[in-house]
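S.K.: Heads up: the sequence lines are chains D and X, in that order.
No gaps in the numbering here: position 101 of the first sequence is 86 in our numbering, and each next residue is one more.
No gaps in the numbering here: position 76 of the second sequence is 61 in our numbering, and each next residue is one more.
Backbone N, C-alpha and C define an ideal beta-carbon position, used for all residues, glycine too.
Just passing along the structure, written as structure tokens.
There are 2 protein chains.
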Amino acid sequence: MFVAMNRFRINKGHEDAFEEVWRSRDSRLKDVQGFQSFHLLKGAFDEDSQTTLYASHTIWESQEHFSAWTRSEHFRAAHKSARDTTGMYAGPPVFEGFSSVLAE
Amino acid sequence: MFVAMNRFRINKGHEDAFEEVWRSRDSRLKDVQGFQSFHLLKGAFDEDSQTTLYASHTIWESQEHFSAWTRSEHFRAAHKSARDTTGMYAGPPVFEGFSSVLAE
Chain D
-14 MFVAMNRFRI
-4 NKGHEDAFEE
6 VWRSRDSRLK
16 DVQGFQSFHL
26 LKGAFDEDSQ
36 TTLYASHTIW
46 ESQEHFSAWT
56 RSEHFRAAHK
66 SARDTTGMYA
76 GPPVFEGFSS
86 VLAE
Chain X
-14 MFVAMNRFRI
-4 NKGHEDAFEE
6 VWRSRDSRLK
16 DVQGFQSFHL
26 LKGAFDEDSQ
36 TTLYASHTIW
46 ESQEHFSAWT
56 RSEHFRAAHK
66 SARDTTGMYA
76 GPPVFEGFSS
86 VLAE
């Protein structure tokens, strides 16, 4: 199992618009080999930076399946957005990939 | 769905011992109401800090189920360790809780 996460810091007041970007995208993940599940996760609000932590959280059968997806047409389609995201992001997304070493 | 993650920075050379701490713990998570899955995840090695990112990754039916577990005997049992962890941690664990806002 491989978990691909992208962490986003979203400025206060832009939370709904950020979620709408994800809701309206054309992901077609279910058609991709090795895809298991996707969740958009909402974390805590940080008082200091006035941002909310979000994470896209995708589970793949293996890291190889994830890598193949990032080189595909499906990937380009999922990351194409016509929406205005001005002021939404407090910084660039931070990618983290994880492999499972123990399961219960 | 609620995802509870604890992030750990493990010093180089202590990776196997850290994984063994998790392998040998008495978690009994499967007996806990609202528990869905647990994975210990291994992320990337960071050259600057010479540490590996790990995350414990537990999925719960709801945040309320997770909170109830943290107040239980099961929780205390799972976090009791007789092992020597000197030099293992580059810092304290960082907790992050997430609620799912979108699923595919």
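Please confirm if Met73(D) has its CB atom under 8 angstroms from at least one CB of chain X.
M.R.: Met73(D) does not count as touching chain X.
S.K.: Can you tell me where the alpha helix (DSSP H) holding Arg(-8)(X) begins and where it ends?
M.R.: Note, Arg(-8)(X): premise wrong, no alpha helix (DSSP H); beta strand (DSSP E) at Phe(-13) to Asn(-4).
S.K.: Restricting to Cα atoms, I'd like to know which of Arg(-6)(D), Phe83(D) and Val(-12)(D) is closest to Tyr39(D).
M.R.: Answer by Cα proximity: Arg(-6)(D).
S.K.: Can you list the alpha helix (DSSP H) stretches of 4 or more residues lying completely in the stretch -6 to 77 of chain X, in chain order?
M.R.: Runs of the alpha helix (DSSP H) inside the stretch -6 to 77 of chain X: 0 to 8, 48 to 55 and 58 to 63.
S.K.: Tell me, please, whether the CB atom of Ala2(X) is closer than 8 angstroms to any CB atom in chain D?
M.R.: Not one chain D Cβ lies under 8 angstroms of Ala2(X).
S.K.: Please report whether the beta-carbon of Ser9(D) lies at a distance below 8 angstroms from any beta-carbon of chain X.
M.R.: It does not; no Cβ of chain X falls within 8 angstroms.
S.K.: If the cut-off is 9 angstroms on Cβ atoms, which residues from the stretch 10 to 22 of chain D count as contacting chain X, listed in chain order?
M.R.: Answer set for the stretch 10 to 22 of chain D: Ser12, Leu14, Lys15, Phe20 and Ser22.
S.K.: Can you name the start and end residues of the beta strand (DSSP E) that Glu81(X) belongs to?
M.R.: Note, Glu81(X): beta strand (DSSP E), Val79 to Ala88.
S.K.: Does the beta-carbon distance from Arg(-8)(D) to Val79(D) come in below 8 angstroms?
M.R.: The answer is yes: Cβ separation under 8 angstroms.
S.K.: Does any C-beta atom of chain X lie closer than 8 angstroms to the C-beta of Val86(D)?
M.R.: At least one chain X Cβ lies under 8 angstroms of Val86(D).
S.K.: My assumption, with CB atoms under 8 angstroms, is that Ala63(D) sits in contact with Arg10(D). Please give the rounded CB distance.
M.R.: Sure, about 6 angstroms apart at Cβ, within 8 angstroms.
S.K.: Given that Ala40(D) touches chain X, what residues does it touch there, using C-beta distances under 7 angstroms?
M.R.: Within 7 angstroms Cβ-Cβ: Phe83.
S.K.: Would you kindly check if the distance between the Cβ of Leu25(X) and the Cβ of Ser47(X) is under 8 angstroms?
M.R.: Against a cut-off of 8 angstroms, the Cβ pair of Leu25(X) and Ser47(X) comes out as no contact.
S.K.: Between Ala29(X) and the rest of its own chain, which residues show a CB-CB distance below 8 angstroms, the 5 nearest in sequence each way excluded?
M.R.: Same-chain partners within the cutoff: Thr37 and Leu38.
S.K.: Pull up the distance between the alpha-carbon of Phe(-13)(X) and that of Asp16(D), whole angstroms please.
M.R.: Their backbone Cα atoms lie some 26 angstroms apart in a straight line.
S.K.: Using a Cβ-Cβ distance under 8 angstroms, would His64(D) count as near chain X?
M.R.: It does not; no Cβ of chain X falls within 8 angstroms.
S.K.: Could you name the residues of the same chain whose beta carbon sits closer than 6 angstroms to that of Glu0(D), not counting the 5 residues immediately before and after it, in chain order?
M.R.: Same-chain partners within the cutoff: Thr37.
S.K.: Starting from the C-beta of Phe83(D), find all residues in its chain whose C-beta is less than 6 angstroms away, skip the five residues before and the five after it, and write them out in chain order.
M.R.: Around Phe83(D): Val(-12).
S.K.: Pop quiz: Glu4(D) and Leu87(X) are said to be a contact at Cβ under 8 angstroms. What is the actual Cβ separation, rounded to whole angstroms?
M.R.: Yes, Glu4(D) and Leu87(X) are in contact; Cβ-Cβ is about 7 angstroms, under 8 angstroms.
S.K.: Who are the near neighbours of Phe60(D) in its chain, counting only those whose CB is closer than 8 angstroms to its CB and skipping five residues on each side?
M.R.: Result list for Phe60(D): Trp54, in chain order.
S.K.: Under the rule that 16 or more other beta-carbon atoms within 10 Å means buried, what is Thr71(D), buried or exposed?
M.R.: Looking at its Cβ environment, which holds fewer than 16 other Cβ atoms inside 10 Å, Thr71(D) is exposed.
S.K.: Going by beta carbon distance, what residues of the same chain come within less than 8 angstroms of Ser34(X), once the five residues before and after it are set aside?
M.R.: The residues are Arg(-6) and Ala75.
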